[in-house]
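Trainee:
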Amino acid sequence: MTLIPSSPLWAASMARNVVVRITLGVVVAQFTSMAMNARDLGQWDDPANADLKRWYQDLKQPDNPAASCCGEADAYWADAFEATSDGEYVAIITDPRDDKPLGRIHRDVGTRIVVPGNKIKWKEANPVGHGLIFLSRFDNVFCYLPPWGL
């Protein structure tokens with residue numbers, strides 16, 4: 000069947016095409032924003048931090064061992080936590096450090112983030128000495144290491 004530009008079928012076909020393209024664009028944009036690599040802006044290049052940088056780079060998501068927890072620019076100290084009446088684990092950001100030198104988005108001390116159970120690394124050695132929560136730009140949790148890490 001040949002569609003004629005002035006026919007209702009042609010108009011419907013074009014509208015579907017536009018909707019499909021917009022939907023595809025939104026899906027691609029969401030996927031790429033969630034799958035961004037860690038933001039290493041060179042702020043960890045000091046040789047004294049080499050072991051710590053390597054530890055951050057080697058840290059993997061507990062529910063997806065092929066994926067990184069991301070890096071220092073995605074990490075916030077979260078030394079406080081609580082449980083909701085529904086049994087959800089909530090990490091509380093306690094990180095007072097300046098965000099600009101770390102190359103990260105500002106999140107206020109006291110910000111509460113619900114941590115999905117599959118994102119908690121219960122038995123991970125933690126040389127930082129703080130609980131750590133790794134967040135995307137949209138507060139999606141990549142990983143959470145409770146504050147009692149080794």
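In terms of numbering that gives the first Met the number 0, the sequence shown opens at residue 0 and continues consecutively.
Backbone N, C-alpha and C fix where the C-beta goes; we use that ideal spot for every residue, glycine too.
(1) How many angstroms separate the CA atom of residue 62 from the CA atom of residue 103?
(2) Quick one: what's residue 91 bridged to in DSSP?
(3) Out of curiosity, what's the CA-to-CA distance linking residue 81 and residue 145?
(4) Look at the Cβ atom of residue 114, then the Cβ atom of residue 140, and state whether they are nearer than 7 Å.
(5) Taking the alpha helix (DSSP H) that residue 51 belongs to, which residues open and close that run?
(6) Please report the residue range of the beta strand (DSSP E) in which residue 100 lies.
(7) Can you look up residue 18 in the DSSP assignment and give me helix, strand or coil?
(8) If we ignore side chains and look at the alpha-carbon of each, how far apart do residue 94 and residue 129 end up?
(9) Where does the unbroken beta strand (DSSP E) through residue 63 begin, and where does it stop?
(10) With 16 other CB atoms within 10 Å as the buried threshold, where does residue 66 fall?
(11) Near residue 122, which residues of its chain fall below 7 Å by C-beta distance, leaving aside the five closest residues on each side in sequence?
(12) Using the Cα positions of residue 57 and residue 86, report the straight-line distance between them to the nearest angstrom.
(13) Please determine, among 126, 136, 135, 134, the residue with the shortest C-alpha to C-alpha distance to residue 49.
(14) Give every residue of the same chain whose Cβ lies closer than 6 Å to the Cβ of residue 90, excluding the five residues on either side of it in the sequence, and list them in chain order.
(15) Reducing DSSP to helix, strand and coil, say where residue 74 ends up.
Mentor: Taking the geometry as given:
(1) 24 Å
(2) 79, 111
(3) 11 Å
(4) yes
(5) 49-57
(6) That residue, residue 100, is in no beta strand (DSSP E); its alpha helix (DSSP H) goes 98-101.
(7) Residue placement at residue 18 is flagged as unreliable, the pLDDT there being 49, under the threshold of 50; the coordinate-derived value follows with that caveat. Three-state DSSP puts residue 18 in a helix.
(8) 9 Å
(9) 63-67
(10) exposed
(11) none
(12) 30 Å
(13) 126
(14) 77, 80, 112, 114, 132, 143
(15) strand
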